[in-house]
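Protein chains in written order, with our numbering: chain A, 1338 to 1552; chain B, 360 to 779. We put the CB at the ideal spot given by N, CA and C, even for glycine. Everything below concerns the one structure shown next.
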């Protein structure tokens, strides 16, 4: 990347970092207004994932079969305050990929999955339209970073199961439809990226959101 | 509003594109693996070995370089390569080109601290009374060897002039140039992966006279070469396998795991067989990275010391003891005779186990008094792992160490052979 592109990217990031603060901007500060309400929303979801980066299958395998699809599972707890930026924790589990094949007529199978442990930030897109009642309010962007526990299982000449940590991040976009006073349903597209282990998956999930507490 | 969308789009592009870059330095030259020395018999090779001043090309390779021939065995045959070592962490690897008229060599050059690489084609000439003519093997008084030709960047046909003029012979002082991880680190984008059979064969072309190799055990007790304690993408090709290397059997590793440049993880026996049968290396340092009995490694060490002796090779194979745990493993050996060891701990421990070699880390400084004392007791003293060119020069010029372990054997070779 050239220096000018790096500079432009730096400026974009710097401006971007001010957006959450600008989203809270009010022309006149109202110091008499009572804060709240606050809530903790618990989300559980599942769907389909697709391993979206390169994978390596050993050349020694014949009749190899690769599976990039998986069924991810997500649990997220989000603190929803009276301002737009929300913060929470996310974990879950997703298949990254698996492959099987034969070595001298002996079956070999490798399965790789990941458990994310991420701090996430989420914000509805109302600030784009400026209209709190617009559909944009139901759209939100979520991003997070943290660690992935990468689980690897090998079945060949015995079974080996290992777990390694990989730093990584996640980005998601979702639409949320109210179902009732405490329940909402979301459709979320997300990108898991365990950077250190070079594992990445694209996932589409349906999530059920439950307002656990409110004060 | 549009500005906000633009900013958002910019952020997304930045996130998706990222700043990660894959660094590569693919070798642009295919070696013929020709056996024999072609038009370069022993006398000519010896005449070419030396320190040269650089005129054309000094901006790229420095004002002075070292030229040195090395060889590898291939069965009953021998392949010869001409290396050039530069002060700016660079080397050339060239082979004779018999199809070209005169004494010609061709290959590639590389700088190890970046991705710079390119082709090079040189011929050997002699300057007599100001007139340059092809070298025919005879040097008269007043003759000067001039090795000249062209080099280029990447895989483009070389066109930039390079002229190197013989200045003096190589420094003859005995000195061990030990290459870390069997030749160098994978992260330095060498043509072969660290701790592979292929990098062992390359080690002398990179300037080494000896190698340090990292020994671990597989789950089923096979000593193998591997540096890190886990399978990871720094060292192996992506295959989904991860975790401690000791969790895997030799068959699993041998079948499914390939090092970054596609090589198999070698066993210790394969590595030592390569050293004995195919190289001119004179020293092997077996770094103890395992937990468990040292007896299997000791047996292999003794086997290959005997094979080297039978082959008429002057080869030392020593077990490195980098920690108290490793010293304990050594002390637990039932029979320690004919088991040369190298101790990285302090001088008192080195003396207590009567290690033949003491090897402190370089950051402890020159340790003049300790080095002199250990040498006076008949021990060899190495220092590890020294990669900074300025310190390599200072350690060679100002200390009494018998050798340096480095990831950049070419730099140690440059400063040692050019020392006056």
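> List, in order along the chain, the chain A residues whose C-beta lies closer than 8 Å to that of residue 603 (chain B)?
Replying inline: 1499
> Can the beta-carbon of residue 721 (chain B) be found less than 9 Å from the beta-carbon of residue 750 (chain B)?
Replying inline: yes
> With a Cβ-Cβ cutoff of 9 Å, do residue 634 (chain B) and residue 647 (chain B) count as a contact?
Replying inline: no
> Does the separation of the CB atoms of residue 659 (chain B) and residue 628 (chain B) fall below 9 Å?
Replying inline: yes
> Counting contacts by CB-CB distance shorter than 9 Å, is residue 1494 (chain A) in contact with chain B?
Replying inline: yes
> Around the C-beta of residue 1467 (chain A), are 16 or more other C-beta atoms found within 10 angstroms, so that it is buried, or is it exposed?
Replying inline: Summary for residue 1467 (chain A): the model assigns pLDDT 49, below 50, so the residue's position carries little reliability; its value from the coordinates is reported in the next sentence. Counting Cβ neighbours within 10 Å, residue 1467 (chain A) comes out exposed, since fewer than 16 surround it.
> Out of curiosity, what's the CA-to-CA distance linking residue 731 (chain B) and residue 759 (chain B)?
Replying inline: 8 Å
>> My output table needs one value for residue 1423 (chain A): the three-state DSSP class, helix, strand or coil.
In response: strand
> Checking contacts by CB at 9 Å: is residue 551 (chain B) closer than that to chain A?
Replying inline: no
> For residue 1391 (chain A), which residues does DSSP report across the bridge?
Replying inline: Answer is none; residue 1391 (chain A) lacks a bridge partner.
> Rounded to whole angstroms, how far is the Cβ of residue 442 (chain B) from the Cβ of residue 762 (chain B), which I believe are closer than 8 Å?
Replying inline: The pair is not a contact, with the Cβ atoms about 18 Å apart (cut-off 8 Å).
>> Quick check on residue 1467 (chain A): does DSSP put it in helix, strand or coil?
In response: For residue 1467 (chain A), the predicted model reports a pLDDT of 49, less than 50, meaning its position is unreliable and no value from the coordinates is stated.
> Taking Cβ positions only, does residue 1487 (chain A) come closer than 9 Å to chain B?
Replying inline: yes
> List, in order along the chain, the chain B residues whose C-beta lies closer than 9 Å to that of residue 1534 (chain A)?
Replying inline: 591, 592, 597 and 601
> Can you tell me the Cα-Cα spacing of residue 709 (chain B) and residue 742 (chain B), whole angstroms?
Replying inline: 14 Å
> On the premise that residue 609 (chain B) lies in contact with residue 572 (chain B), defined as a C-beta separation below 8 Å, what is that separation, rounded to the nearest angstrom?
Replying inline: No, residue 572 (chain B) and residue 609 (chain B) are not in contact; Cβ-Cβ is about 17 Å, not under 8 Å.
>> Check whether chain B comes within 9 Å of residue 1420 (chain A), counting only Cβ atoms and requiring the distance to be less than that.
In response: no
> So, helix, strand or coil for residue 1514 (chain A), using DSSP?
Replying inline: strand
>> Just to confirm the assignment: which complete beta strand (DSSP E) runs, minimum length 3, are found wholly within the stretch 523 to 553 of chain B?
In response: 535 to 538
> At a CB-CB cut-off below 9 Å, which residues of chain A make contact with residue 663 (chain B)?
Replying inline: What residue 663 (chain B) touches in chain A: nothing, since even the nearest Cβ is about 28 Å away.
>> Taking a contact to mean a Cβ-Cβ separation below 9 Å, would you say residue 1501 (chain A) touches residue 591 (chain B) in this structure?
In response: yes
> In its own chain, which residues sit with a C-beta less than 6 Å from the C-beta of residue 651 (chain B), not counting the 5 before and 5 after it?
Replying inline: 576
> So which residues of chain A does residue 606 (chain B) contact, with C-beta pairs closer than 7 Å?
Replying inline: 1497 and 1499
> Which stretch, first to last residue, makes up the alpha helix (DSSP H) that contains residue 748 (chain B)?
Replying inline: 748 to 757
> Do residue 1526 (chain A) and residue 1540 (chain A) have their CB atoms nearer than 9 Å?
Replying inline: yes
> So residue 1514 (chain A) and residue 1383 (chain A) are in contact, right, with Cβ under 8 Å, and what is the actual spacing, rounded?
Replying inline: That belief does not hold up - the Cβ atoms of residue 1514 (chain A) and residue 1383 (chain A) are roughly 17 Å apart, past 8 Å.
>> Please report the distance separating the alpha-carbon of residue 493 (chain B) from that of residue 565 (chain B).
In response: 28 Å
>> Within a Cβ cutoff of 6 Å, which residues of the same chain sit near residue 675 (chain B), ignoring the five residues on either side of it in sequence?
In response: 642
>> Between which two residues does the beta strand (DSSP E) holding residue 733 (chain B) run?
In response: Taken as a continuous stretch (DSSP letters only), residue 733 (chain B) belongs to no beta strand (DSSP E), being part of the alpha helix (DSSP H) at 727 to 735.
>> Under 9 Å, Cβ to Cβ, is there at least one residue of chain B near residue 1396 (chain A)?
In response: yes
>> If you measure between the beta carbons of residue 506 (chain B) and residue 484 (chain B), is that distance less than 9 Å?
In response: yes
>> Which complete beta strand (DSSP E) runs does the stretch 578 to 607 of chain B hold, if anything under 3 residues is left out?
In response: 582 to 584
> What residues of chain B sit near residue 1491 (chain A), judged by a beta carbon separation below 7 Å?
Replying inline: 600 and 611
> chain B beta carbons: is any one of them nearer than 9 Å to that of residue 1399 (chain A)?
Replying inline: no
> CB of residue 421 (chain B) to nearest heavy atom of the ligand MN: below 8 Å?
Replying inline: With respect to the ligand MN, the structure shown offers nothing to examine, as it has no ligands at all.
> Should residue 616 (chain B) be flagged as near chain A, meaning a C-beta pair shorter than 9 Å?
Replying inline: yes
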